[in-house]
Each structure stands twice: as structure tokens, then as C-alpha cells.
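Residue numbers (the numbering used here): -11 to 700. Heads up: the structure comes next, in C-alpha cells.
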Ligand code: ATP
Ligand code: MG
């Protein structure tokens, strides 16, 4: 079983793996710890990761990046609409109101969903983990922004399935960072917690959380975010500044030219990084457009003036997280900054002024999320033993239920109001709630966001509908216990629906009265009992009107009905009394979820991904075979004049040299883009001439020592 943590950023992805000696961030094929979260499409194959990034300048229209901005969104989402001009690729509205990404691939225009493209990014990260671990990777934990909606979470799960991954948890990036920080702290207090604020500014968004740490435990107290404030927004400020400047100075309109825009944006990102370490920075791009070389220059202070409106926005998520935590500033023990977008010195100044203390950078800013996710995966997996550390994450959006008819009772027994909140803002993840409905037949309720103001504009409040039934109660209204779960991914589901029925039976009485496990309706029959799957019917015995002493419970906290019957059977008394017996009958639950792929479509996408991956593999193997021909040409040419020169006749050398030269020319001309089998045949053709010569030389060498033995 694999233990892997994946951080998929808007710009880059990081892969963590657990080994017996600890957590490692692993290297990709180019020996880098960060892999571009990109996919590039060409006529012959896809390129993933670093290879995709390499082709982004040459092939910007077919290179997809920032997939995290598109995932699980509707095309009309105003935030997405604002992003559109940043994408060099074509994005349109899909038939279902979602997003369709159009690229030229395998000789034709094809469209992909963001879920499919994220599936490709994930399968690339998966293969990096597999190459490092030398095993198949399936189980993992994947980081997601805390502000992700239900739709985005479901899309992530679908993308993971397309990549052949099984996430044990979609973990909030904020909690992953806090875990990576806390688990290695050996000096955490036993009682009074310490409070740490984590600020993550990435490529496209900002997230903040306030965490309380005690020995063996972390608890998220408050969260804040800005979905659209990250490093790329600072690049954009520079981009517009220089685009304007070049319009005046060079009379070129960079914005109108996608390739020139792409190059200027990339140059601005570099410039921004230089400005983080230097008070000024130059910009120079050769042949940007209309064959003009451009030059520019900017001082850090001027950049900060230009970026003032962005810098102003950094404070709001800090204030929100702090307010939610209900902590005064002086209770904040430390501020930790992560995410590479936060390297801008002005941001550091804002944080220091706000918290009245210098922010720390003790965590590895680009790796902490992957590390936190890997730790969480290790904790959830039976393969590794990890230090006991409880992660109490918080869910940022309140979830309510809506139904027709009378309101249910919550587990605490209070009467809920229509559209009542089942999971409050900041509710621990995961959580379950038990509700009791009184209904005569199949009924439906909706799960929805109780408040949409913190969600992307236009997000539908409805998460899903749940139909409970059919069932036939033995009285006018049946009592139904509905167990609702906010699962480890932050997704809402109905875990079980149980019809609770009482019936009267005649049972012997004597021992029952003394029996310690006999129970009333008020006993923990309501106990959240795990694993009531299938159609199992459970029975409990109730004795009406009888007061019992506090009863000991069986191992799982529930009195065992079997025990009771055993005791009852040993009772020899003939006396009988009418007692109530409780039957628990599982009732079917049908979910109509908003979003996520239907199983058949998901399966189709899985097969497609397999097909694309196969095509990529064929292309890689073709490249290998072509390289083998090329390598043979150079190698043999040298050998003919060195190692093999005593074993080859002039005619042979002449013939093979000519053939090698012809092959080299062919490789650069008509043979440049051939199939794998053509390259294999070509190599064999050359070897037919070359092998006999090499054989001769080998034989001679083998004979050598024998000859020398004779001499002595
Ligand atoms: P997100 O968290 O939004 O999903 P991500 O995790 O890919 O995205 P990071 O890798 O944390 O983002 O940060 C990438 C951003 O950091 C880019 O915008 C990059 O330009 C910026 N960045 C990297 N180094 C520096 C630097 N030295 N100074 C300023 N910005 C930097
Ligand atoms: Mg990030």
C-alpha cells in the first residue's frame, strides 16, 4: 500500500512519499522537486509536467496550465470569466454549463473537461511517485484549497479516479501545512495551547488559518481566504505596466498578440522574483513582436506603488481568520508564511505590521503541503506507524438541510427548524449528525449551503437531494433515524437511514428485571453505530416503564441484544410479561448529487486516459528507438576509425561509412518522424553490416590471452 501526498498547485505540483525513515519530497525525471502542473498537446502525443512547460512558449494555445482555476466551475462564474484573458488556450461553455478546453491534439481539434486535464496532471504526479517508490501508487492524500466547493471536491475525486488514484482524504492545504508544522514540534504544551497563524500565498490564491497546538493535537480555529489573490496577480500588474510602456516606446500592442503576451508575462514573473531580492530589476526581451527587441526597468518601490491595490487586499483574509478564531492578537504566538507568492517583501511588511511580530519561515514554503498530505496519508494507512497526532480540521461553510413537512429532531433531541443548519461554520471534518424524522412514506430532503456569501458568485446553494425510502411503517408515521456525514473530503452524504419500529412481545420476566443490560427507550439506542450496512435488521429489547440502573455497555458502546436473549432463555420461570421490542430496519437512500461525473462517464474518461497514456508511451518508445539509431551512427563511425580499424577492410569501412552517413541524413529529413518499427528496421539494417565486424574484434580479443599463454 502506497503512502503518498500530492500538492497540486496552480503553477506547480509537489509529490511526497513515506518511507520507513520518514517523509521525502521526491524528484521528477529532471531531478526537480517541483513539477509544472501543465499538460501540452501536440499532433503526436501529450507532454506532461516539465516537458509541457518546455513547450508552452512554442505551443501556448495547446498548453494547459492553472487547471485548479477551472476545475468544478461553471463557465458563467464571474471569477472564471475574469481569468479567461489570462489563458492562452481556448475555453468555452460546455453543453452542461461547465467548461470545455479546446486543443489541437492528434491531428484534430478536441475538447477536454478540466476534470480530464486535472486527471492528466495527477497521473503525471502519480508516475513520479511510482518511479521513486518502485511500486504501484493508488492510495494517497491530495491537498485542496480550503475554499473549494462541493462541486470542486467531487471533480477532484473524479480526476483522481481518472488517474487511477484513490484519495483517502482531500485535505485542506491549510490543515496540511499546520500538520507538517506541528507533528515535529516536541515542545508542545500539555494544557494551554499555542496559537500559530499560517499564511499561504500561492500563484493564484491566498489562504490563512489560525491553529491551536497542544501535545499530540492540532485544531483549526479560524480561516480566511481570497480566491483570487496570488503571485500571478502581481505578474499581471507588471505585465500591464510594461505593455503600456512598450505601446508608447516601441509602438507595439503586446496585448493583441497571444505569443508576445505569453512571453511578456513570463518575463514579468521573472522580474518580480528579481525584485524580491533586489531594489531594482531590468527586463529585456528579444524580438518580442514585429521583430522589435524591447528593454525596460523598474524599481521595487515603483512596483509596490503599482501593486498597492493588491497589497491592500492581503489584510482582509488575516482579519477574517483572526476574528473567527476569537483570539486577541496577543494570543498569537507565531506567524508562519508559506507559498512562494509570499516572497514579495511588501507582503512580509504587511504581515509583520498586522500581527505585530516578524513572520517566520521555518517551514519549507513549497513543500509543506505535500509533506502534510503525506503525513496524513501515513496516519490513515495501516502500513506506517506515525506519532499520535490528532488533526481537527474545520469546515468553512455552514451546511443546512431543507425538507417539506414537519421538522426532524437532532440527536440532542431538540426540534430542528426548516432549513436548519446541520454542520455549522467551522464544524470539525469529518463529522456525523443523527436526525430523527417522522414520516409515513418515501420523502426527500436537500442538503445545501446555509450561506453562499463566501462562495464564488453564482454558486448554487443546493448540494444534493436525498430520497429516503421506500419503507412501510407499522403505524401512521414511522420513526426514521438519518445519519448525515461530512466526510474526510468535506463532502456531504447520507450514511444511513434506519426505520425504528416497536412491537410488543411476550417474554419471561424474572431475570429481566435484574439484568444489567436491559434498557429503556432513553438508553443509548441512538448511539452512532458504525457499519449497519446491507439489510440487516437489529433487535433491541425495551421494558416499558421500568427504571434501570446505569447500564454497562458492550465494547462498541451498544448493548448487545444476543446477550439479553441468552439470559432470557436460561430463565426457567413461566411468568410472562408484555414488553416492547425495537426493530431497526435499513431504508434505501438515493442520492441525486449536483455535479460529479456519472459512473458511466467516469469509466469512459478512465478508458480515454488509458488510451492517451498508451499513445504517449508509444511515442516515448519511438523516440527511444530513433535515439538508438542516432547513437549507433555516431558510435560506429568513431569505432570504425579506432577500436575496429584493424578488423575491417577498406571496402567494408567504405560501405558502412556511406550507409551511416545516409542514415544520419535520413534522420534529419524524411526519417525525422517515422514509426517505431521503421527505426527498429533501420537499426537492424545497420547492424547487419556492423555486427560481423564487431564479432571479429571480440573473437580476436577472446583469443588474445590464449595466444599469449602459448608464448610463455
Ligand atoms: P496555488 O497555491 O495558488 O495553487 P502554487 O502552489 O503553484 O499555486 P506556489 O508555488 O506556492 O503556488 O507559488 C507560485 C508563485 O510564487 C508564482 O506566482 C511565482 O511567481 C511566485 N514566486 C516564486 N518565487 C518568488 C519570489 N522569489 N518572489 C516573488 N514571487 C515568487
Ligand atoms: Mg499552493
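Where is the CB? At the ideal position from N, CA and C, for every residue including glycine. Treat the numbers as computed from the prediction; the structure is a model and nothing was measured.
Against chain D, does residue i count as a neighbour if the rule is that its beta carbon must be under 8 Å from one of theirs?
{"i": "residue 8", "result": "This model lacks chain D altogether, as it is built from one protein chain only."}
Measure the C-alpha to C-alpha separation of residue i and residue j and round it to an integer number of angstroms.
{"i": "residue 246", "j": "residue -5", "result": "29 Å"}
{"i": "residue 607", "j": "residue 113", "result": "19 Å"}
{"i": "residue 314", "j": "residue 62", "result": "35 Å"}
{"i": "residue 469", "j": "residue 378", "result": "29 Å"}
{"i": "residue 44", "j": "residue 27", "result": "9 Å"}
{"i": "residue 529", "j": "residue 471", "result": "Because residue 529 carries a pLDDT of 26, less than 50, the predicted location of this residue cannot be relied on, and no value is offered for it."}
{"i": "residue -2", "j": "residue 35", "result": "17 Å"}
{"i": "residue 613", "j": "residue 605", "result": "12 Å"}
{"i": "residue -8", "j": "residue 121", "result": "10 Å"}
{"i": "residue 364", "j": "residue 237", "result": "54 Å"}
{"i": "residue 211", "j": "residue 133", "result": "11 Å"}
{"i": "residue 301", "j": "residue 189", "result": "12 Å"}
{"i": "residue 117", "j": "residue 631", "result": "42 Å"}
{"i": "residue 565", "j": "residue 494", "result": "5 Å"}
{"i": "residue 636", "j": "residue 681", "result": "6 Å"}
{"i": "residue 9", "j": "residue 209", "result": "32 Å"}
{"i": "residue 416", "j": "residue 445", "result": "25 Å"}
{"i": "residue 191", "j": "residue 218", "result": "5 Å"}
{"i": "residue 337", "j": "residue 288", "result": "14 Å"}
{"i": "residue 480", "j": "residue 276", "result": "50 Å"}
{"i": "residue 255", "j": "residue 273", "result": "8 Å"}
Measuring only from the beta carbon, is residue i closer than 7 Å to any heavy atom that is part of the ligand MG?
{"i": "residue 188", "result": "yes"}
{"i": "residue 161", "result": "yes"}
{"i": "residue 360", "result": "no"}
{"i": "residue -7", "result": "no"}
{"i": "residue 357", "result": "yes"}
{"i": "residue 219", "result": "no"}
{"i": "residue -3", "result": "yes"}
Taking 7 Å as the cut-off, is the beta-carbon of residue i closer than that to any non-hydrogen atom of the ligand ATP?
{"i": "residue 0", "result": "yes"}
{"i": "residue 154", "result": "no"}
{"i": "residue 287", "result": "no"}
{"i": "residue 329", "result": "yes"}
{"i": "residue 192", "result": "yes"}
{"i": "residue 178", "result": "no"}
{"i": "residue 593", "result": "no"}
{"i": "residue 260", "result": "yes"}
{"i": "residue 56", "result": "yes"}
{"i": "residue 59", "result": "no"}
{"i": "residue 257", "result": "yes"}
{"i": "residue 354", "result": "yes"}
{"i": "residue 264", "result": "yes"}
{"i": "residue 708", "result": "The displayed coordinates of the chain run from -11 to 700. Any statement about residue 708 would go beyond what the structure contains."}
Enumerate in chain order the residues of its own chain whose CB-to-CB distance from residue i is below 7 Å, with the five nearest sequence positions on each side excluded.
{"i": "residue 234", "result": "240, 242, 282"}
{"i": "residue 342", "result": "303, 306"}
{"i": "residue 375", "result": "171"}
{"i": "residue 456", "result": "430, 431, 468, 470, 485, 575, 577"}
{"i": "residue 701", "result": "Because residue 701 is not part of the residues shown, which for the chain are -11 to 700, the question remains open."}
Please return the same chain residues whose Cβ sits closer than 6 Å to the Cβ of residue i, not counting the five positions on each side in sequence.
{"i": "residue 12", "result": "5"}
{"i": "residue 683", "result": "none"}
{"i": "residue 60", "result": "139, 140, 143"}
{"i": "residue 439", "result": "386"}
{"i": "residue 182", "result": "201, 321"}
{"i": "residue 205", "result": "378"}
{"i": "residue 625", "result": "648"}
{"i": "residue 409", "result": "386, 388, 438"}
Can you list, in chain order, the residues of its chain whose CB lies under 8 Å from that of residue i, leaving out five sequence neighbours each side?
{"i": "residue 643", "result": "677"}
{"i": "residue 686", "result": "none"}
*Would the segment 585 to 597 and the segment 101 to 119 be scored as touching if the rule is three or more Cβ pairs under 8 Å?*
As far as the Cβ criterion goes, the segment 585 to 597 touches the segment 101 to 119, which means the pair count is three or higher.
*Contact between the segment 667 to 686 and the segment 612 to 627 (3+ Cβ pairs under 8 Å)*: Yes, the segment 667 to 686 is in contact with the segment 612 to 627.
_Quick check: the segment 149 to 165 against the segment 70 to 86, are at least 3 beta-carbon pairs closer than 8 Å?_
No, because fewer than three Cβ pairs between the segment 70 to 86 and the segment 149 to 165 fall closer than 8 Å, the two stretches do not touch.
*How about the segment 87 to 99 and the segment 37 to 56: do they share at least three Cβ pairs that are nearer than 8 Å?*
Counting C-beta pairs with one atom in each stretch, the segment 87 to 99 and the segment 37 to 56 have three or more that are closer than 8 Å, which means they touch.
*Counting Cβ pairs, one atom from each stretch, are 3 or more of them under 8 Å apart for the segment 214 to 230 and the segment 358 to 377?*
Counting Cβ pairs under 8 Å, fewer than three are found: no touch.
*asked:* Which runs of the alpha helix (DSSP H) at least 4 residues long sit entirely within the segment 583 to 634? Give them in chain order.
replied: If we require 4 residues or more, the alpha helix (DSSP H) runs fully inside the segment 583 to 634 come out as 587 to 629.
_Secondary structure, beta strand (DSSP E): runs of 3+ residues fully inside the segment 284 to 333_ = DSSP runs (the beta strand (DSSP E)) wholly in the segment 284 to 333: 322 to 326.
*asked:* Which runs of the beta strand (DSSP E) at least 3 residues long sit entirely within the segment 171 to 244? Give them in chain order.
replied: Counting whole runs of 3 or more residues, the segment 171 to 244 contains the beta strand (DSSP E) stretches 182 to 189, 194 to 202, 205 to 214.
*Run through the segment 459 to 497 for me and flag every whole alpha helix (DSSP H) of 4 or more residues, listed as ranges in chain order.*
When DSSP assignments are scanned along the segment 459 to 497, no uninterrupted stretch of alpha helix (DSSP H) that is 4 or more residues long falls wholly within it.
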